[in-house]
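Quick note on this note's numbering: the sequence shown kicks off at 2 and runs consecutively. Read through the structure below, which is laid out as structure tokens, and then see the notes.
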Amino acid sequence: EEGEAVHVPKYLQEKTLKHTFTQAWLSFLRLPLPSHVLKRALTMLPEDIMKNMTTPVLLSDILTNCVDQKGLIGILALHGLFLLVVEHGLEYPNFYRKLYNMLTVSTFLTKYRAKFYRLVDTFLSTPLIPAYVVAAFIKRFARMAIQAPPHGALLAMAFIFNLIRRHPSCAMVLQGKSSSKDGQADPYNETEDDPAKARALESSLWELETLKSHYYHEVARFVSVFKRDMTKRNKYTEIDIEKFVSRSYDETYRRENAKRLKMCAVKFLDKERENLF
Numbered sequence: 002e003e004g005e006a007v008h009v010p011k012y013l014q015e016k017t018l019k020h021t022f023t024q025a026w027l028s029f030l031r032l033p034l035p036s037h038v039l040k041r042a043l044t045m046l047p048e049d050i051m052k053n054m055t056t057p058v059l060l061s062d063i064l065t066n067c068v069d070q071k072g073l074i075g076i077l078a079l080h081g082l083f084l085l086v087v088e089h090g091l092e093y094p095n096f097y098r099k100l101y102n103m104l105t106v107s108t109f110l111t112k113y114r115a116k117f118y119r120l121v122d123t124f125l126s127t128p129l130i131p132a133y134v135v136a137a138f139i140k141r142f143a144r145m146a147i148q149a150p151p152h153g154a155l156l157a158m159a160f161i162f163n164l165i166r167r168h169p170s171c172a173m174v175l176q177g178k179s180s181s182k183d184g185q186a187d188p189y190n191e192t193e194d195d196p197a198k199a200r201a202l203e204s205s206l207w208e209l210e211t212l213k214s215h216y217y218h219e220v221a222r223f224v225s226v227f228k229r230d231m232t233k234r235n236k237y238t239e240i241d242i243e244k245f246v247s248r249s250y251d252e253t254y255r256r257e258n259a260k261r262l263k264m265c266a267v268k269f270l271d272k273e274r275e276n277l278f
């Protein structure tokens, strides 16, 4: 009859469906999944799965185990943990330590580098990270820039710029006195696994001075952005990392090959030719 409440069976009620959905996903993720299936599942978790679970925090053990794996699986699992920490109150004090140790030069050469560094940017966007931890990330990116291919060096410097802008207290590393170039010992300990113990705030960004002599002109020119007063964050905006996350050796070559040279030496003077050999 009209106005009479419709009886919904218990197994079709929202609470029951969410509980069943949660248990199904937990059971599925505990299986020994092939890497490509696990990657797909971890990609779906943040946007499609976690919001429909009764208690997403139950994923913490599974995600913690996945974080220990290298590559894309580790960073995807870290994304899930990040959401659990921010939105569901999970305590995971080793989060930034795990992220810090994932940052290596080899990540600039992987096929998933764009997704990897978009997530890294998300994780480092919070203003709640202590300055001494942020400084360790800045130094890690600076060391990576020296060793990385050109597209990696550009991305690393973009991260350095944005991190200093987000955390003006870290601008002191731009004026630091410690420098390996000057023969002084750099107090920053790059072999330390814990960014909180790396002593990065005691160091300086002498690596930027080295990058001024980089063989690729775009990298050498990029260093000039650090001449700004980094403590006045309202005067400039962050650098869009999307310009760099998808760059590669091939794209760098295509860019340079497509340029028209304005000035090109086509002839040696006789005196210069004599000094060649």
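A virtual CB, placed ideally from N, CA and C, is assigned to each residue, including glycine. Please read these numbers as outputs of a predicted model, since none were measured by experiment.
Secondary structure at S126, three-state DSSP: helix, strand or coil? Numbered from its first residue, the sequence shown carries residue 126 at position 125. Three-state DSSP puts S126 in coil, outside helix and strand.
Kindly indicate which residue of L85, A197, A146 and L79 has the alpha-carbon position closest to the one of W207. In the sequence shown, the residue the question calls residue 207 occupies position 206. If we check each option's Cα against that of W207, A146 comes out closest.
Extent of the continuous alpha helix (DSSP H) to which F162 belongs: For the purposes of this step, residue 162 is taken as residue 161 along the sequence shown, with counting starting at 1. Per DSSP, F162 belongs to the alpha helix (DSSP H) from P151 to R167.
Pair every Cβ in the stretch 214-225 with every Cβ in the stretch 139-159, then say whether three or more of these pairs are closer than 8 Å. Taking a cut-off of 8 Å for Cβ pairs, the stretch 214-225 and the stretch 139-159 touch, as three or more such pairs fall below it.
For T21, collect the residues of the same chain with a Cβ closer than 6 Å to its Cβ; drop the 5 residues on either side in sequence, then sort them by chain order. Within the sequence shown, numbered from 1, the residue matching residue 21 stands at position 20. Counting only residues of its own chain and dropping the five nearest sequence neighbours on each side, T21 has no CB closer than 6 Å to any other CB.
Below 8 Å on the Cβ atoms is my guess for D40 versus L77; work out the distance and round it to an integer in Å. By one-based count along the sequence shown, residue 40 stands at place 39. By one-based count along the sequence shown, residue 77 stands at place 76. Looking at the sequence provided, one finds Lys at residue 40 rather than Asp. Contact between K40 and L77 holds, with the beta-carbon distance rounding to 7 Å and staying under 8 Å.
Where E203 and P169 are concerned, what is the direct C-alpha to C-alpha distance, given to the nearest angstrom? The count along the sequence shown starts at 1 and reaches residue 203 at position 202. The count along the sequence shown starts at 1 and reaches residue 169 at position 168. In this model, E203 and P169 are separated by some 15 Å (Cα to Cα).
Can you tell me whether S214 is helix, strand or coil according to DSSP? Along the sequence shown, one-based indexing puts residue 214 at 213. Note: S214 maps to coil in three-state DSSP.
When E88, L13 and L125 are compared against P47, the one with the closest alpha-carbon: Translated into the one-based positions of the sequence shown, residue 47 becomes position 46. The residue with the shortest Cα to Cα distance from P47 is E88.
Buried or exposed by the 16-neighbour rule on C-beta atoms within 10 Å, applied to F29: Along the sequence shown, one-based indexing puts residue 29 at 28. When all chains shown are included, F29 counts as exposed.
Thinking C-beta only, is L91 closer than 8 Å to S61? The residue you call residue 61 lines up with position 60 of the sequence shown. The residue you call residue 91 lines up with position 90 of the sequence shown. In contact: S61 and L91 (Cβ atoms closer than 8 Å).
Suppose contacts are defined by Cβ-Cβ distances below 8 Å. Is T23 in contact with L59 by that definition? Translated into the one-based positions of the sequence shown, residue 23 becomes position 22. Translated into the one-based positions of the sequence shown, residue 59 becomes position 58. At the C-beta level, T23 and L59 come within 8 Å of one another.
Could you check which residue in F83, C67 and P151 has the C-alpha nearest to that of S1? Only positions 2 to 278 of the chain appear in this structure, which leaves residue 1 out of reach.
Look at the alpha carbon of L277 and the alpha carbon of F109, and state the distance between them as a whole number of angstroms. Your numbering for residue 277 matches position 276 in the sequence shown. Your numbering for residue 109 matches position 108 in the sequence shown. Residue placement at L277 is flagged as unreliable, the pLDDT there being 49, under the threshold of 50; a coordinate-derived value is accordingly withheld.
Sequence-distant residues of the same chain with beta carbon closer than 6 Å to A42, five excluded per side: Sequence index remark: in the sequence shown, residue 42 carries index 41 (1-based). Within the same chain, no Cβ atom closer than 6 Å to the Cβ of A42 is found once the five residues on either side in sequence are excluded.
With L64 and L82 assumed to form a contact (beta carbons below 8 Å), what rounded beta-carbon distance in angstroms separates them? One-based indexing of the sequence shown puts residue 64 at position 63. One-based indexing of the sequence shown puts residue 82 at position 81. The pair is a contact, with the Cβ atoms about 5 Å apart (cut-off 8 Å).
Could you give the distance in angstroms between the alpha-carbon of K236 and the alpha-carbon of R166? By one-based count along the sequence shown, residue 236 stands at place 235. By one-based count along the sequence shown, residue 166 stands at place 165. A straight-line Cα-Cα distance of about 10 Å links K236 and R166.
Would you say E210 faces chain B, with C-beta separation under 8 Å as the test? Chain labels in this structure do not include chain B; a single protein chain is all it has.
Three-state secondary structure (DSSP) at N95? Along the sequence shown, read from residue 1 onward, the residue named residue 95 stands at position 94. Coil.
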